[in-house]
Every structure is written in C-alpha cells, then in structure tokens.
Amino acid sequence: RKEVEQDPGPFNVPEGATVAFNCTYSNSASQSFFWYRQDCRKEPKLLMSVYSSGNEDGRFTAQLNRASQYISLLIRDSKLSDSATYLCVVRMNTGFQKLVFGTGTRLLVSP
Amino acid sequence: EAGVAQSPRYKIIEKRQSVAFWCNPISGHATLYWYQQILGQGPKLLIQFQNNGVVDDSQLPKDRFSAERLKGVDSTLKIQPAKLEDSAVYLCASSLTIGRGGDEQFFGPGTRLTVL
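Have a look at this one:
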C-alpha cells in the first residue's frame, strides 16, 4: 500500500465550479500535512498547510481527519488558472521528518 | 530573493553514460534535498543534507547514484552509469532547517533527464 494515495484524475470542471480532492495516508504517526500545487513542467509550490481544525485561504479549504487518515482540499469558484496538479504531502514523524508526496491529482478547468 | 537554482535544465544521455546535476539552494538554507520525479508520479526523496552532512539517503540507489554538499552550500548529484529507468525530473529543494513544523521546502525548476 502506498504511503500517500490520491486519485490521479483528471478532474475536468467548468469555470465557477466547486471541486474537491481527497487523499489518504497509511502511517498513523504522520505529523504534518500539506497541499502543494505543481503546474505543467514546473516545480511544486506550497499551496497550504493542513491543520486539525481545518483551514481556509480564499477559495481554498483544507480539512484533516486523523481518525480516518484522510485529507481533503476544496476549491470553490474554480478559475482557469487553477488548472494544475495538486499534490498531497505528508511529513512523517521520523527523526528526519521527510516529506512523502502523493502522485497528485490533475485538475483541468475549462471556460 | 533568489530561488533555488539548478543546472542544466535538460540533459539527454545514452544508457551507461554518466551525468551530473548541480543545485544552489536559497542563501542561508541549511537543509538541501534531492528528489526524483518520474512522469505521472509525485517527487520521491533521494537524499537530504543538513549543512554538509547526510541525514537521510535511505532511498538513494547507492550503486549508481552519489551526491555531495562539500561546503554546506551548493550540491551535486551524479548518476554513473545511467539506466533507462533513471529518466525523470531531478528536483532540488532547500529549507531553513531540517523540516521542523511549519518549515517550507522551496523547489528549484528541476533538471529533466532523458536516458536513451
């Protein structure tokens, strides 16, 4: 079983739609959680951290359910510029605290 | 503020040849990471340095891959000899410290390697 699992998509949505991505992780000792965004042929960039209480940044909302080992990202009012791959990332609770990336979920927003 | 620099951006080699990638992290960042990203997958950590010391190289194929960060600043990653399955983007990242809570990793643009 993969440490971090995501649906690769692609998710095709029209502008203005609301879309949600899910991610599950296998290691219950995982410490911190993030969503990174990666544009085509570009490097990953941190989108937002995910807190136990949930957090919101503009049109983006992230949720964490530690009991179910589940992370979500909700994008409201999708824009064309939101088209990208969204990587679910878990920081393992080991001595070196390395990041483990999911395969990413591809989002395509169309006019 | 200058970001993480990597070179070359693209490299095409034949199998069994050698190749080296260079990374210059953000100034003042003590921790440097090399990731391998195969098409359709997320980045996979190969090696992590804290200053000039290796703190995690558990996923580095040490029979053919090597990396160094001699002066605790820039770093090189070498593959010798390359195999077809090494075709990937090699991403370098840096962070201020060794991944404490809230510490962000900043990625360079990557080197896209094609092994023929």
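Protein chains in written order, with this note's numbering: chain U, 1 to 111; chain F, 112 to 227. Where a beta carbon is used, it is the ideal one built from N, C-alpha and C, also for glycine. If you're wondering where the values come from, they're calculated on a predicted model, not measured in any experiment.
Length of the line joining the Cα atoms of residue i and residue j
| i | j | result |
| --- | --- | --- |
| A204(F) | V165(F) | 15 Å |
| G213(F) | S53(U) | Because the pLDDT at G213(F) is just 45, under 50, the model does not fix this residue reliably, and the value given afterwards should be weighed accordingly. Answer to the nearest angstrom: the Cα atoms are 15 Å apart. |
| Q216(F) | L87(U) | 14 Å |
| W35(U) | N65(U) | 15 Å |
| L46(U) | R37(U) | 6 Å |
| G102(U) | Q69(U) | 14 Å |
| V115(F) | P154(F) | 16 Å |
| K194(F) | T24(U) | 32 Å |
| T222(F) | P119(F) | 6 Å |
| G219(F) | Y121(F) | 13 Å |
| F160(F) | D57(U) | 32 Å |
Cβ pair residue i, residue j closer than 7 Å
| i | j | result |
| --- | --- | --- |
| L73(U) | F21(U) | yes |
| D39(U) | R59(U) | no |
| L188(F) | F132(F) | yes |
| L143(F) | S186(F) | yes |
| V90(U) | S30(U) | yes |
| L156(F) | Q170(F) | yes |
| V100(U) | E5(U) | no |
Cross-strand partners of residue i (DSSP beta bridge)
| i | result |
| --- | --- |
| Y70(U) | T24(U) and N65(U) |
| G219(F) | Partner(s): none; G219(F) has no beta bridge. |
| P44(U) | Q38(U) |
| L224(F) | K122(F) and A199(F) |
| Q117(F) | C134(F) |
Close beta carbons around residue i, own chain, < 8 Å, minus the five adjacent residues each side
| i | result |
| --- | --- |
| P192(F) | K126, R127, Q128, S129 and R175 |
| P14(U) | S78, V109, S110 and P111 |
| A113(F) | I137 and S138 |
Whole-number beta carbon distance between residue j and residue i, since they are thought to touch under 8 Å
| i | j | result |
| --- | --- | --- |
| I75(U) | V19(U) | 5 Å |
| A62(U) | V50(U) | 4 Å |
| Q117(F) | C134(F) | 5 Å |
| P117(U) | T105(U) | No statement about residue 117(U) is possible, as the shown extent of chain U runs from 1 to 111 and does not include it. |
Cut-off 7 Å between Cβ atoms - residues of its own chain near residue i, not counting five sequence neighbours on either side
| i | result |
| --- | --- |
| T98(U) | One detail in the question is off: residue 98(U) reads as Lys in this sequence, not Thr. So the qualifying residues of the chain are M92. |
| D168(F) | I158 |
| S177(F) | K189 |
| E179(F) | S186 and T187 |
| H140(F) | S205, S206 and L207 |
6 Å CB neighbourhood of residue i in its chain, flanking five on each side removed
| i | result |
| --- | --- |
| L108(U) | P10, N12 and S83 |
| T225(F) | I123 and S198 |
| T112(U) | With chain U covering only 1 through 111, there is no way to say anything about residue 112(U). |
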